[in-house]
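Novice: Handing you this structure, nothing more for now.
Protein chains: 2
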Amino acid sequence: VIETNKLTKLFQVGDISVQALRGIDMLVEEGEFVAIMGSSGSGKSTLMNLLGCLDTPTGGEYFLAGSRVNGLSKIERATIRNQKIGFVFQGYNLLPRTSAVENVELALFYDRERRIKNMRQAAIEALERVGLGDRMHHSPNQLSGGQQQRVAIARALVNKPSIILADEPTGNLDSRTSLEIISLFQRLNSEGATVILVTHEDDIAQYSRRIVKLKDGLIISDHTVENR
Amino acid sequence: VIETNKLTKLFQVGDISVQALRGIDMLVEEGEFVAIMGSSGSGKSTLMNLLGCLDTPTGGEYFLAGSRVNGLSKIERATIRNQKIGFVFQGYNLLPRTSAVENVELALFYDRERRIKNMRQAAIEALERVGLGDRMHHSPNQLSGGQQQRVAIARALVNKPSIILADEPTGNLDSRTSLEIISLFQRLNSEGATVILVTHEDDIAQYSRRIVKLKDGLIISDHTVENR
Ligand SMILES: Nc1ncnc2c1ncn2[C@@H]1O[C@H](COP(=O)(O)OP(=O)(O)OP(=O)(O)O)[C@@H](O)[C@H]1O
Ligand SMILES: Nc1ncnc2c1ncn2[C@@H]1O[C@H](COP(=O)(O)OP(=O)(O)OP(=O)(O)O)[C@@H](O)[C@H]1O
Ligand SMILES: [Mg+2]
Ligand SMILES: [Mg+2]
Chain C
12 VIETNKLTKL
22 FQVGDISVQA
32 LRGIDMLVEE
42 GEFVAIMGSS
52 GSGKSTLMNL
62 LGCLDTPTGG
72 EYFLAGSRVN
82 GLSKIERATI
92 RNQKIGFVFQ
102 GYNLLPRTSA
112 VENVELALFY
122 DRERRIKNMR
132 QAAIEALERV
142 GLGDRMHHSP
152 NQLSGGQQQR
162 VAIARALVNK
172 PSIILADEPT
182 GNLDSRTSLE
192 IISLFQRLNS
202 EGATVILVTH
212 EDDIAQYSRR
222 IVKLKDGLII
232 SDHTVENR
Chain H
12 VIETNKLTKL
22 FQVGDISVQA
32 LRGIDMLVEE
42 GEFVAIMGSS
52 GSGKSTLMNL
62 LGCLDTPTGG
72 EYFLAGSRVN
82 GLSKIERATI
92 RNQKIGFVFQ
102 GYNLLPRTSA
112 VENVELALFY
122 DRERRIKNMR
132 QAAIEALERV
142 GLGDRMHHSP
152 NQLSGGQQQR
162 VAIARALVNK
172 PSIILADEPT
182 GNLDSRTSLE
192 IISLFQRLNS
202 EGATVILVTH
212 EDDIAQYSRR
222 IVKLKDGLII
232 SDHTVENR
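For the protein sequence lines, the chains are C and H, in the order given. So the first sequence is numbered by the working numbering: it starts at 12 and just counts up by one. So the second sequence is numbered by the working numbering: it starts at 12 and just counts up by one.
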């Protein structure tokens, strides 16, 4: 369902070029559960942003569910994203003066097909699934770091996406809350969702079925997880 | 050097009250290395903000280096903070359209005593110590999550504070980079700094000498770390 071919991404900072991705060839079948690991600055978020259609590659090709994505317009990419992908941002990207439940509802609002009719109810349930049923009227600055992270997760999942891309979804969560979140991803995966999550914690990566490691913008290893 | 007495903090959200801290009694001697742990929402950041003089308690007392802090004005608290404390925020709090080196320099600029004369040089060295020597002119949105976290760390340390308060300083860092950061904290601790860091990772907490656990706004355990 996800196929990249020599994907590259170059950033320009003044007169310096940063080669964030140097040629990524990646193939993910529908229903897989993949963990992406690698050191800070190795290109994980850059790759996730390309896979999530939030950004366009400098070179190479990207096919999502069989159709070419690189080269699509901003509007076309946004439509695909809203229909197929649930994205958990490393920096959450919550609207600051908006309550948790409204932040989650917005994800349903942007789905042009409006497959889910009762948006408030769906948003409340999404927040309850991540343990925030009693925090729904708090705005981000009235929430702890891990609670903000969980609102971002609820927002990514409320539209029941077929592809879940999560960039460090447990970075600010204690072990027990992290396990609750990973179990939630596992359950959605067993129901058919393709899950790709970036993590720097081996314990979390062990819950996936395949680990892809990045280093300096290249894939250096790609293995199935043993003992599962 | 840090002493709290029945510290409480109440937040008001509409007509709901959130009792974030319910009476914290904590004593930290100069030169200690303490890890604070607890589940998401248990009150860790709230406690750190009180210890860092960024916020005032609803009740109880707080003594820093022998003098009472609760009851001081905003200006008085800011002065103490700039002179004695280096604070690493869970959400980094970097200035968005400002380069990494300028973000770090600002911490020196705000030190009224201007103990460090060559601010640019000190800022460059602080960034090199966290591995960002080649990213100093990038602004936060041109940096990876873990790089932004390291700029926040460099900014907290550049003024050579006697008290380091770090709220989840390795949450977005891979294992190797996390160890580099923790070794940096250990070195500063061996040079006399008091270090209190919030972490949800046991591996990181094992590098401290004492672990304080919070649950629902109360300290539930306070032990020295074995096997060190
Ligand atoms: N400004 C605020 N207004 C209202 N409630 C708040 C505010 N800040 C924090 N809270 C609430 O107080 C509780 C403690 O928050 P705190 O940020 O201290 O948690 P934490 O232990 O740091 O969690 P995490 O590990 O997720 O960062 C949380 O339940 C949170 O919802
Ligand atoms: N908008 C940008 N402009 C310039 N450079 C960028 C930009 N975004 C990322 N970079 C650089 O590209 C490299 C890869 O960044 P990326 O965010 O993908 O790393 P990452 O693997 O997600 O790291 P982390 O684990 O710290 O989140 C980094 O060295 C970073 O400095
Ligand atoms: Mg990243
Ligand atoms: Mg916190």
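Even for Gly, the Cβ is constructed at its ideal location relative to N, Cα and C.
1) Cβ closer than 7 Å: which chain C residues qualify as neighbours of H:G182?
2) So, with DSSP's three-state summary, where would you put C:M147?
3) Chain H beta carbons: is any one of them nearer than 9 Å to that of C:V24?
4) If you pair each beta-carbon of the stretch 25-34 of chain H with each one of the stretch 202-218 of chain H, do three or more pairs fall below 8 Å?
5) What does DSSP give as the partner residue(s) for C:R221 in the beta ladder?
6) Which residue spans inside the stretch 184-211 of chain H form an unbroken beta strand (DSSP E) run of at least 3?
7) Using a C-beta cutoff of 9 Å, does H:L37 count as contacting chain C?
8) Beta carbon of H:F98: closer than 8 Å to some heavy atom of ligand 1?
9) Look at the alpha carbon of C:D178 and the alpha carbon of C:G144, and state the distance between them as a whole number of angstroms.
10) Which of the three DSSP states, helix, strand or coil, is assigned to C:E136?
11) Return no unless some Cβ of chain C is closer than 9 Å to the Cβ of H:I86.
12) Between the stretch 94-107 of chain H and the stretch 138-152 of chain H, can you find at least three pairs of beta-carbon atoms closer than 8 Å?
13) Any chance the CB of C:G156 is under 8 Å from a heavy atom of ligand 4?
14) C:A216 bridges to which residues according to DSSP?
15) By DSSP, does H:I127 sit in helix, in strand, or in coil?
16) Quick check on H:G157 - is its C-beta less than 9 Å from some C-beta in chain C?
17) I'd like to confirm the pairing. Which residues does DSSP put opposite H:T15 in its beta bridges?
18) Would a check of beta-carbon distances place C:R166 closer than 9 Å to chain H?
19) Please report whether the beta-carbon of H:T188 lies at a distance below 9 Å from any beta-carbon of chain C.
20) Could you spell out where the alpha helix (DSSP H) holding H:F120 opens and where it closes?
21) Ligand 6 and H:R146: does any heavy atom of the ligand fall closer than 8 Å to the residue's C-beta?
22) Please check the pair H:K95 and H:S173, which I expect to be a contact at CB under 8 Å, by giving their CB distance rounded to whole angstroms.
23) So, helix, strand or coil for C:K171, using DSSP?
24) When Cβ atoms are compared, which residues of the stretch 210-239 of chain H fall closer than 7 Å to chain C?
25) Can you name, in chain order, every residue of its own chain whose Cβ lies under 8 Å from the Cβ of C:A137, other than the five neighbours on each side?
26) So the candidates are H:Q217, H:F98, H:S194 and H:R221; which of them puts its Cα closest to the Cα of H:K171?
27) Of all Cβ atoms in chain C, is any one closer than 9 Å to the Cβ of H:R33?
28) Could you compute how far the alpha carbon of C:I222 sits from the alpha carbon of H:S84?
29) Provide the residue span of the beta strand (DSSP E) that contains C:V99, from first to last.
30) If you draw a straight line from the C-alpha of C:I86 to the C-alpha of H:S110, how long is it?
31) Output, in chain order, the set of chain C residues within a Cβ distance shorter than 9 Å of H:Q153.
32) What span of residues does the alpha helix (DSSP H) with C:T57 cover, start to end?
Specialist: With the given structure in hand:
1) Near H:G182 (Cβ distances below 7 Å), the residues of chain C are G182 and N183.
2) In the displayed model, C:M147 falls within coil according to three-state DSSP, outside both helix and strand.
3) By this cut-off, C:V24 is an interface position.
4) By the Cβ test, the stretch 25-34 of chain H is not in contact with the stretch 202-218 of chain H, since fewer than three Cβ pairs between them sit closer than 8 Å.
5) C:V45 and C:T235.
6) Listed in chain order, the complete beta strand (DSSP E) runs (minimum 3 residues) inside the stretch 184-211 of chain H are 205-209.
7) Here residue 37 of chain H is Met; the residue named in the question, Leu, does not match the sequence. It does not: the Cβ of H:M37 has no partner Cβ on chain C nearer than 9 Å.
8) Checking every heavy atom of ligand 1 against the Cβ of H:F98, none is found closer than 8 Å.
9) Approximately 23 Å, taken between the alpha carbons.
10) In the structure shown, C:E136 adopts helical secondary structure according to DSSP, grouped into three states.
11) When Cβ-Cβ separations below 9 Å define contact, H:I86 makes no contact with chain C.
12) Verdict: yes, contact present.
13) Yes, Cβ of C:G156 sits closer than 8 Å to a heavy atom of ligand 4.
14) In the DSSP output, where bridge partners are listed per residue, C:A216 has none listed.
15) In this structure, H:I127 counts as coil in the three-state DSSP scheme.
16) Yes - at least one Cβ of chain C is within 9 Å of the one on H:G157.
17) For H:T15, which the question treats as bridged, DSSP gives the partners H:M37 and H:Y73.
18) By this cut-off, C:R166 is not an interface position.
19) At a cut-off of 9 Å between beta-carbon atoms, H:T188 makes contact with chain C.
20) A111 to F120 is the span of the alpha helix (DSSP H), which, as asked, contains H:F120.
21) You won't find ligand 6 in this model; what it holds is ligand 1, ligand 2, ligand 3 and ligand 4.
22) That belief holds up - the Cβ atoms of H:K95 and H:S173 are roughly 6 Å apart, short of 8 Å.
23) DSSP places C:K171 outside both helix and strand once states are collapsed to three, so it counts as coil.
24) Within the stretch 210-239 of chain H, the residues whose Cβ lies closer than 7 Å to some Cβ of chain C are H211, listed in chain order.
25) Answer for C:A137: V115, A165, R166, L168 and V169, listed in chain order.
26) Of H:Q217, H:F98, H:S194 and H:R221, the residue nearest in Cα terms is H:F98.
27) Not a single CB atom of chain C sits nearer than 9 Å to the CB of H:R33.
28) Distance between C:I222 and H:S84, taken at the CA atoms: about 52 Å.
29) Start and end: I96 to V99.
30) Cα-Cα distance, rounded: 31 Å.
31) Chain C residues near H:Q153: F22, V24 and V29.
32) Looking at the DSSP string, the run of the alpha helix (DSSP H) that includes C:T57 is K55 to L62.
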